[in-house]
Every structure is written in C-alpha cells, then in structure tokens.
Ligand SMILES: Cc1cc2nc3c(=O)[nH]c(=O)nc-3n(C[C@H](O)[C@H](O)[C@H](O)COP(=O)(O)OP(=O)(O)OC[C@H]3O[C@@H](n4cnc5c(N)ncnc54)[C@H](O)[C@@H]3O)c2cc1C
Ligand code: SF4
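As structure tokens, then:
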C-alpha cells in the first residue's frame with residue numbers, strides 16, 4: 298500500500314538538465330516544486346574533485362555515472378523479425394543517472410537546430426517533392442524564430458563560448474553562416490584552438506568551406522551567469538565527456554543552476570527514489586501525481602497539480618507507456634503514437650596521422666573543435682542525391698585518454714608488439730575528423746514495451762527496434778566522402794576511414810542523442826504532446842527532452858532540448874497557470 302504524501306504544486310520526474318531549468322523557472326513563479334531523482338546526490342567537491350575526476354576505469358569503463366542497467370535497461374533488436382535482448386552493458390549511448398543527469402558527463406557541444414530542421418517535412422516536400430515511402434518525418438509545430446529567445450537564455454545560462462555567424466540576419470565573418478539569425482553574440486569567446494584545429498581550418502578554407510569554432514559549454518574564460526553562478530576557465534584536462542568536471546568549468550546543473558535553486562524554500566529534491574508511473578484520476582484525463590519507490594522498497598503517492606516528465610527521452614517514453622497515457626505505436630497497423638519516430642544519429646570518422654607534428658590530444662576538452670556546416674540540414678542542394686538531411690563535419694579534440702584512445706593506422710594488428718610499436722609512434726601524432734549525421738524517422742524504427750524482459754520491479758523493459766535507414770546510409774556515404782577530402786588535405790602522412798556500414802550495432806559508443814517516442818506536433822492525430830510539450834490526453838502533464846523531436850537533426854540536441862524547455866516553462870507561467878487546461882485546442 299503506497300503512503301500518501303503532502304501535496305505539492307509541481308512534481309518533476311528526474312533531475313537532469315530539463316528538470317533543473319523547470320525547477321528554477323517554476324519556483325520563481327512561487328510554486329512549490331519537488332524533483333524526484335532515482336539516482337544519487339552528486340556534487341563537484343564530493344564526487345569529482347580534480348584528483349578523482351580523471352579516473353578512466355571508474356567513470357567510463359565501470360560506468361559509475363550511468364543508468365544502472367542491472368535494475369532497468371532497454372532491450373534491443375534491429376528489426377521486427379528478431380527477438381530483442383536486454384543491454385546489460387551500455388555501449389552505443391550512455392544515459393545519465395543521479396543529480397544533474399547527463400549534464401554532469403556531457404561534452405558541452407551546444408547547438409541550435411537550423412530553422413529548416415523545425416519544418417523538415419513541409420520544407421523538404423516543397424523543395425524536393427514527396428518524402429520516400431515509409432519515412433514519417435514531420436514538422437515540430439514550433440519555429441526557430443519562436444525558440445530564438447530561449448536558445449539565447451540557455452547559452453547565457455551556460456556561458457557558451459563561440460562566434461556568431463548570423464547576428465539579426467547579418468552574416469558575420471568567422472562564425473557559422475548557415476545558422477538561424479541570433480539576437481546576440483555568444484556570451485564568451487571561442488576556446489583556444491590546437492594544432493589539429495588549425496590544420497582543419499586551413500584544409501576546409503582551401504576547399505572553399507567556412508570553418509568556425511564549435512559552440513562550447515567548456516568555459517573559455519571565467520564567467521558569472523545571469524543567476525550569479527561562477528564558472529572557472531577550462532584547463533583542457535581531456536576528461537570531459539563521460540566525466541564530471543572538477544574545475545567548475547563545464548556548464549552543468551551543478552555549476553549553473555543548483556547553487557541558487559537549492560537555497561529556495563519552495564524547492565525540494567528527493568534522491569534515490571524512482572518514479573514508477575503517473576497516477577491518473579478515474580477519467581484518465583487528469584494526473585493526480587506520481588507513484589514512487591525508495592531504496593527500501595517503500596512506495597509513496599505524491600499528489601501534485603502538475604506533473605512534468607524530465608527523465609530523459611527513453612525513460613519519459615517508457616513512463617508514458619507504463620502509465621497508460623496514449624496508445625503505444627504499432628508499426629503493423631500504424632496505430633498509436635507513444636514510441637513512434639524513434640531516431641538516433643549516424644556517424645563516421647577519419648583518423649589523420651602526422652609524421653613529424655605533435656597533436657598532443659591529451660590536452661583536449663569536450664567541446665573543443667572547428668566545424669564546417671556546408672553539408673548539414675538543407676544547407677546544400679539535395680536534388681538527385683536520394684536523401685534529405687545532413688550533418689556537420691568537425692575536428693573535435695576531446696581527449697587522448699590512455700585506455701580509450703588507440704589511434705593506430707590501417708593494417709595494424711590489434712595486439713602484440715606491432716600494435717605497441719604503432720601506438721607509441723602515433724599516440725601523440727594523430728587526430729580525427731568526424732561527420733555527425735542526422736536521422737530521419739521511419740515507420741519501422743520505434744519503441745514499445747518488451748513482452749519478455751522485466752526490470753527490478755517486475756515492469757516490462759522498453760524495447761527498441763532500430764536500424765539505419767536507406768536515407769541515413771546514403772546521407773552518411775555522401776558526408777563521409779566530403780569528410781575524407783578534408784582529412785586528406787590536413788597535411789598528415791596517412792588517414793584511416795572509420796565507416797558506418799552494416800546494421801546499427803548497439804555496442805560501440807556513438808552519441809547519447811536518442812530522440813522521438815513522445816513526439817510533438819500540431820494535432821493529437823500526429824503527436825503525443827502539443828507545441829508547448831503538453832500531453833494532448835492529460836493536460837496537466839508535460840513531457841520534456843529530445844523524445845519530443847519528430848526526427849533528429851545533424852547536431853547535438855541539448856541546445857534545442859533546453860530551448861524547448863524554456864519555451865514550455867514560459868507557456869506554463871504565462872498561460873497555463875492563469876487558465877489550467879489545454880494550451881492548444883484539438
Ligand atoms: C557522454 C555524453 C555526452 C554528451 N554530449 C553532449 C553534447 O556535447 N552536446 C549535446 O547537445 N548533448 C550531449 N549529450 C546529451 C545531453 O546530456 C542530454 O541531451 C541532456 O542531458 C538531456 O537532458 P534531460 O533532462 O532530458 O535528461 P538527463 O539530463 O539525462 O536527466 C534525466 C534524469 O532523470 C532520472 N530518471 C530517469 N528515470 C527516472 C525515474 N523513473 N524516476 C526518477 N528519476 C528518473 C535520471 O536518473 C537522470 O538523472 C551527451 C550525453 C552523454 C551521455
Ligand atoms: S576539459 Fe575543461 S570543462 Fe571539461 S572536464 Fe576538463 S576542465 Fe572541465
């Protein structure tokens with residue numbers, strides 16, 4: 298029997314990037330806000346001081362910071378003819394757990410999607426005709442122009458370092474000329490570039506492209522954000538993505554919001570409690586709160602006026618399914634929307650080996666890089682190419698961690714003295730160029746509940762059915778060719794191509810950029826949530842995160858995830874609280 302707890306105005310499920318933003322916004326409105334996080338408390342001095350943060354074995358290989366997949370994981374298969382099996386060791390993506398969620402161990406590459414990404418279906422139809430059979434791409438229902446002030450707020454919260462390419466419609470030298478118009482310059486200058494980035498910039502400029510510094514949440518100088526939180530300059534320690542920052546130099550929940558939020562009397566954070574489902578009233582059109590369980594197995598009913606899912610894309614989708622909100626998507630019938638349009642990304646890379654030049658990549662940072670955007674989104678003419686979408690090509694120098702980094706040329710044996718010799722010769726003289734490709738939604742890539750496997754509480758695991766699509770494979774082949782031209786021009790002795798071919802494999806790390814499952818849109822027949830991320834079925838339930846993306850773009854998602862969160866918070870503050878109910882009439 299669950300114990301009933303005292304009522305709060307808002308309950309946030311999870312406490313990562315999206316929850317922290319909402320907690321700050323909604324406590325400012327005077328509401329009582331409770332965040333329930335299933336992982337542990339985490340802060341810089343206790344969990345990742347500079348002497349502890351660079352522990353490769355502990356944090357990455359033993360995966361201490363990630364979702365505990367002995368208790369709850371995902372089952373995976375490539376297609377419907379296969380039996381899905383549980384992922385007992387994370388590989389391809391690394392969902393976060395604990396206070397701060399994945400904000401603790403993200404890289405900090407902080408992008409805005411292109412204006413055309415938000416209208417991918419109508420834009421591509423207008424320019425290239427009907428979408429291919431089986432492709433289920435659709436418009437977001439919100440535009441870049443509407444989100445612009447919210448992108449700007451997140452960039453200022455995080456102290457993003459970069460160079461604007463489009464200020465109020467005026468193209469700027471040195472920035473990304475393809476980006477949507479921005480209302481202000483980045484709050485900080487770009488990071489200091491290394492030898493490899495200078496080579497990349499030279500090579501791409503020679504090819505007639507426009508290189509620019511990647512937008513970075515690793516601080517390029519000391520910064521005080523609008524909430525008064527202070528961040529220190531990055532030391533280029535190279536233990537950034539997959540690690541917490543011991544230097545207070547990476548924008549995260551801990552460094553940008555928590556110091557202010559934790560002092561507010563109307564905010565409460567409960568750790569080590571897992572939300573099991575959303576409670577609904579008899580009509581099933583109103584959330585009454587959530588059911589959660591502590592580590593001793595005690596269950597509680599937490600009543601709330603407003604429930605907001607902030608538990609990451611995969612977990613939000615599953616919580617919707619376990620709560621019986623909306624119909625689960627069935628690809629055989631095309632019925633149902635929860636779990637539809639699951640998308641990922643498609644990457645390839647080229648290693649460049651120099652003969653007598655040192656790249657010294659151990660001095661790196663999660664978002665230290667030079668980028669070109671000519672082949673992203675619809676920045677180029679796709680006529681006759683057989684695909685839509687694209688991706689950026691970049692030289693990020695994030696690290697040369699001793700276990701993870703093994704840059705050896707083509708043909709090197711994978712062990713023994715020849716491998717050791719190649720490692721010794723190349724470890725300090727290699728860099729990598731990567732293509733970060735989009736992923737378009739298709740009817741056969743989706744999420745649902747597994748019929749066999751259960752979590753520690755006996756609830757069905759979420760099942761992922763995913764493979765690379767014809768569109769994405771053709772797009773990746775095109776991007777890889779462009780990337781190869783750049784890599785060959787960088788002045789190295791030789792290059793090694795790491796192609797993305799064959800079926801999607803859930804083991805090698807790619808990105809934690811999972812999207813879809815709780816997609817947003819213009820009406821209840823094409824989406825789970827409306828343009829304000831409000832459930833069509835249960836209007837006092839909102840769903841945050843990249844699950845609302847109808848398809849994935851060729852960028853890292855968090856800039857857009859955060860802008861959508863600020864946008865939803867503004868709608869809750871200015872419209873919903875005045876008149877609780879649907880913000881968009883069906
Ligand atoms: C290694 C890595 C590198 C990345 N680098 C980048 C990058 O450079 N740029 C970029 O744009 N993005 C990057 N990302 C992605 C970025 O971290 C996410 O987009 C962002 O953190 C998502 O925010 P969120 O609030 O949706 O989820 P999260 O920040 O993951 O927070 C979700 C929280 O919910 C909790 N939770 C889950 N289920 C429950 C439950 N049932 N009950 C209670 N709590 C629950 C989890 O424990 C977690 O703490 C990276 C991610 C990883 C893992
Ligand atoms: S590279 Fe910079 S931002 Fe990243 S963990 Fe190291 S000091 Fe922090």
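Residue numbers (my numbering): 298 to 883.
Beta carbons: idealized from backbone N, C-alpha and C, even for Gly.
Would you report the Cα separation of residue i and residue j, rounded to the nearest angstrom?
i, j, result
"residue 459", "residue 585", "44 Å"
"residue 577", "residue 803", "35 Å"
"residue 921", "residue 568", "Summary: the structure shown does not reach residue 921, with the chain confined to residues 298 through 883, and so no result is reported for it."
"residue 666", "residue 457", "13 Å"
"residue 824", "residue 861", "16 Å"
"residue 409", "residue 626", "29 Å"
"residue 352", "residue 875", "49 Å"
"residue 807", "residue 463", "30 Å"
"residue 792", "residue 434", "35 Å"
"residue 286", "residue 531", "Since the first residue shown for the chain is 298 and the last is 883, residue 286 is missing from the structure and cannot be characterised."
"residue 432", "residue 725", "44 Å"
"residue 799", "residue 647", "17 Å"
"residue 427", "residue 700", "47 Å"
"residue 358", "residue 789", "31 Å"
"residue 698", "residue 536", "7 Å"
"residue 715", "residue 407", "40 Å"
"residue 512", "residue 348", "27 Å"
"residue 828", "residue 510", "32 Å"
"residue 830", "residue 877", "14 Å"
Under DSSP, the alpha helix (DSSP H) around residue i begins and ends at which residues?
i, result
"residue 599", "That residue, residue 599, is in no alpha helix (DSSP H); its beta strand (DSSP E) goes 596-606."
"residue 318", "314-325"
"residue 778", "767-786"
"residue 556", "555-558"
"residue 714", "713-723"
"residue 614", "610-619"
"residue 482", "Counting along the chain, residue 482 falls outside any alpha helix (DSSP H), and DSSP gives it neither H nor E."
"residue 418", "417-425"
"residue 575", "Unbroken run through residue 575 is the beta strand (DSSP E), 570-577; no alpha helix (DSSP H)."
"residue 536", "Element bounds for residue 536: n/a, residue is neither H nor E."
"residue 492", "492-503"
"residue 901", "Not covered by the structure: residue 901. The range shown for the chain is 298 to 883."
Between the options, which lies nearest to residue i when the distance is taken from Cα to Cα?
i, options, result
"residue 651", "673, 705 and 689", "705"
"residue 675", "496, 520 and 423", "423"
"residue 856", "520, 447 and 592", "447"
"residue 477", "494, 865 and 443", "443"
"residue 385", "377, 745, 772 and 372", "372"
"residue 669", "744, 871, 702 and 504", "504"
"residue 723", "659, 779 and 734", "659"
"residue 708", "453, 794, 851 and 686", "794"
"residue 845", "749, 612, 784 and 303", "612"
"residue 849", "870, 810, 644 and 838", "810"
"residue 671", "872, 508 and 298", "508"
"residue 322", "842, 865, 877 and 879", "865"
"residue 618", "494, 787 and 744", "744"
"residue 623", "615, 635 and 629", "635"
"residue 867", "326, 713, 500 and 402", "326"
"residue 418", "468, 703, 835 and 684", "684"
"residue 378", "812, 753, 703 and 628", "628"
"residue 538", "592, 661, 649 and 420", "661"
"residue 654", "473, 495, 711 and 682", "495"
"residue 841", "812, 780 and 404", "812"
Can you find the residues in the same chain that come closer than 8 Å, C-beta to C-beta, to residue i, ignoring five residues on each side of it along the sequence?
i, result
"residue 587", "308, 310, 333, 572, 573, 574, 575, 576, 598, 599, 601 and 604"
"residue 520", "456, 484, 485, 527 and 528"
"residue 415", "436, 437, 439, 440, 441 and 444"
"residue 341", "541, 542, 543, 545, 551 and 552"
"residue 368", "752 and 753"
Which residues in the same chain as residue i place their Cβ atom closer than 7 Å to its Cβ, once the five residues preceding and following it in sequence are excluded?
i, result
"residue 387", "360, 363 and 366"
"residue 277", "Past the boundaries of the shown model lies residue 277; the chain is included only from 298 to 883, so the question cannot be answered."
"residue 429", "768"
"residue 805", "388 and 389"
"residue 313", "393, 397, 398, 399, 400, 550, 607 and 609"
"residue 797", "643, 644, 645 and 773"
Is any non-hydrogen atom of ligand 4 found closer than 8 Å to the C-beta of residue i, if you look at the structure I gave you?
i, result
"residue 407", "Judged by which ligands are present, ligand 4 is missing from the structure shown, whose ligands are ligand 1 and ligand 2."
Between residue i and the rest of its own chain, which residues show a CB-CB distance below 6 Å, the 5 nearest in sequence each way excluded?
i, result
"residue 719", "705 and 709"
"residue 336", "394 and 395"
"residue 493", "656, 692, 694 and 728"
Indicate whether at least one CB of chain D lies closer than 9 Å to the CB of residue i.
i, result
"residue 714", "This model lacks chain D altogether, as it is built from one protein chain only."
**OP:** Would you check if the segment 636-643 and the segment 762-778 touch, i.e. whether three or more CB-CB distances between them fall below 8 Å?
**Re:** The way I'd put it, the segment 762-778 does touch the segment 636-643; three or more beta-carbon pairs between them come closer than 8 Å.
Subject >> Segment contact, 8 Å Cβ cut-off, at least three pairs: the segment 604-616 with the segment 391-411 >> reply: yes
Original post:
How do the segment 718-729 and the segment 691-698 stand: do at least 3 beta-carbon pairs fall below 8 Å, yes or no?
Top reply: yes
Subject >> Touching by the beta-carbon criterion (3+ pairs, under 8 Å), the segment 807-823 and the segment 745-753 >> reply: no
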